[in-house]
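The structure appears below as structure tokens.
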Amino acid sequence: MFKKLLSYFIPVNIYKKNSAISQKLEVTYNNGQLVLDSKNTNYSYGSLQRILRKGLDYIGFERIRGFNNIIVLGVAGGSVIKTLAEEIKFHGKITGVEIDPAAIEIANKYFGLDKIENLEIVIDDAFEFVLKTKEKYDLIIIDIFQDTQMPNFLFEEFFIDRINFLLNVNGFILFNTMTLTQKDFDRNLTYRSRFSSKYSVRMYPKVETHNELFTIKKLG
Numbered sequence: 001m002f003k004k005l006l007s008y009f010i011p012v013n014i015y016k017k018n019s020a021i022s023q024k025l026e027v028t029y030n031n032g033q034l035v036l037d038s039k040n041t042n043y044s045y046g047s048l049q050r051i052l053r054k055g056l057d058y059i060g061f062e063r064i065r066g067f068n069n070i071i072v073l074g075v076a077g078g079s080v081i082k083t084l085a086e087e088i089k090f091h092g093k094i095t096g097v098e099i100d101p102a103a104i105e106i107a108n109k110y111f112g113l114d115k116i117e118n119l120e121i122v123i124d125d126a127f128e129f130v131l132k133t134k135e136k137y138d139l140i141i142i143d144i145f146q147d148t149q150m151p152n153f154l155f156e157e158f159f160i161d162r163i164n165f166l167l168n169v170n171g172f173i174l175f176n177t178m179t180l181t182q183k184d185f186d187r188n189l190t191y192r193s194r195f196s197s198k199y200s201v202r203m204y205p206k207v208e209t210h211n212e213l214f215t216i217k218k219l220g
């Protein structure tokens with residue numbers, strides 16, 4: 001309790017773990033809330049939870065409650081999954097795909113992710129998983145970072161086409177991107193141009209200081 005109170009004045013670290021994938025993961029009390037950070041950025045809860053919650057709000061909580069099947073590519077501490085399960089009260093199937101087992105270990109121990117009954121966690125590379133899965137999804141959430149870097153495959157035509165194939169008609173993609181340089185902004189504009197008139201694409205710049213969100217609806 002003392003550490004939690006102290007965190008309203010200064011962040012208080014309570015756990016650190018080195019990871020072969022994420023390099024360094026830290027669980028910290030910040031303003032009374034547990035957050036998961038990498039070396040240079042917030043990985044779960046804190047600002048990242050605010051960002052993705054806004055994206056879900058743009059789609060609409062009531063609409064999301066009517067979905068059947070949601071996939072989260074990039075789980076980390078699982079903040080968006082907690083928003084889906086606890087705040088939105090989504091009762092359909094949630095699949096979380098995370099490449100880093102250390103992140104899931106922390107998510108279960110410190111954030112209670114393993115208590116969510118309608119959640120299946122898959123330890124796998126997101127690119128490999130979307131090639132293999134036979135399921136279709138009503139909502140695909142993409143939130144994949146290696147510290148402050150985004151893997152190039154997220155913006156490549158093959159991956160975009162595969163994600164679009166896995167998305168049900170009237171379903172949504174929620175894509176969280178980091179924009180630190182002009183090159184990142186240009187990359188996002190190119191990404192947007194890769195969707196045909198069969199999709200409704202919206203960009204939400206500066207959701208937090210360095211994040212730009214996409215919501216993409218597959219039209220009937």
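Per full-length UniProt numbering, residue 1 is the first one in the sequence shown, and the count goes up by one each step. Beta carbons are placed, not taken as given, at the ideal position from N, Cα and C, and that holds for glycine. All values reported here derive from a predicted model rather than from experimental measurement.
Mind pulling the beta strand (DSSP E) runs of 3 or more residues that sit fully within the segment 11 to 80?
Within the segment 11 to 80, the complete beta strand (DSSP E) runs of at least 3 residues fall at 12 to 19, 23 to 30, 33 to 37, 42 to 44 and 69 to 73.
Can you tell me whether Glu-120 is helix, strand or coil according to DSSP?
Stepping through the sequence shown from its first residue, residue 120 is reached at position 120. Looking at Glu-120 - three-state DSSP - the assignment turns out to be strand.
For Phe-153, I'd like the list of residues in its chain whose CB is within less than 6 angstroms of its CB, leaving aside the five on either flank, ordered along the chain.
One-based indexing of the sequence shown puts residue 153 at position 153. Take Phe-153, set aside five residues on each side of it, and the residues of its chain with a beta-carbon closer than 6 angstroms to its own are Phe-127 and Phe-159, in chain order.
Which first and last residues belong to the alpha helix (DSSP H) in which Phe-159 is found?
In the sequence shown, residue 159 corresponds to position 159, counting from 1. Per DSSP, the continuous alpha helix (DSSP H) segment holding Phe-159 begins and ends at 157 to 166.
Where does Gln-149 land, buried or exposed, given buried means 16+ other C-beta within 10 angstroms?
Position 149 of the sequence shown holds residue 149. By the Cβ neighbour-count rule, Gln-149 is exposed, with fewer than 16 other Cβ atoms within 10 Å of its own.
When you compare the segment 50 to 65 with the segment 106 to 126, are there three or more beta-carbon pairs, one atom per stretch, that lie closer than 8 angstroms?
Output reads no: the segment 106 to 126 does not touch the segment 50 to 65.
For Pro-11 and Glu-62, the rounded distance between their alpha carbons:
Locating residue 62 in the sequence shown gives position 62, counting from the first residue. Locating residue 11 in the sequence shown gives position 11, counting from the first residue. Rounded to whole angstroms, Glu-62 to Pro-11 spans 35 angstroms at the Cα level.
Nearest to Asp-143 by CA position, among Lys-4, Ser-79, Asn-13 and Ser-19, is which residue?
On the sequence shown, residue 143 is found 143 positions in, with the first residue counted as 1. Checked all of Lys-4, Ser-79, Asn-13 and Ser-19; the closest Cα to Asp-143 is Ser-79.
Can at least three beta-carbon pairs, one atom from the segment 16 to 34 and one from the segment 94 to 110, be found at a separation below 8 angstroms?
Between the segment 16 to 34 and the segment 94 to 110 there are three or more inter-stretch CB-CB distances shorter than 8 angstroms, so the stretches are counted as touching.
Assumed close pair Phe-145, Tyr-191 - CB separation to whole angstroms, cut-off 8 angstroms
Numbered from its first residue, the sequence shown carries residue 145 at position 145. Numbered from its first residue, the sequence shown carries residue 191 at position 191. Contact doesn't hold; Cβ gap of about 16 angstroms is too wide.
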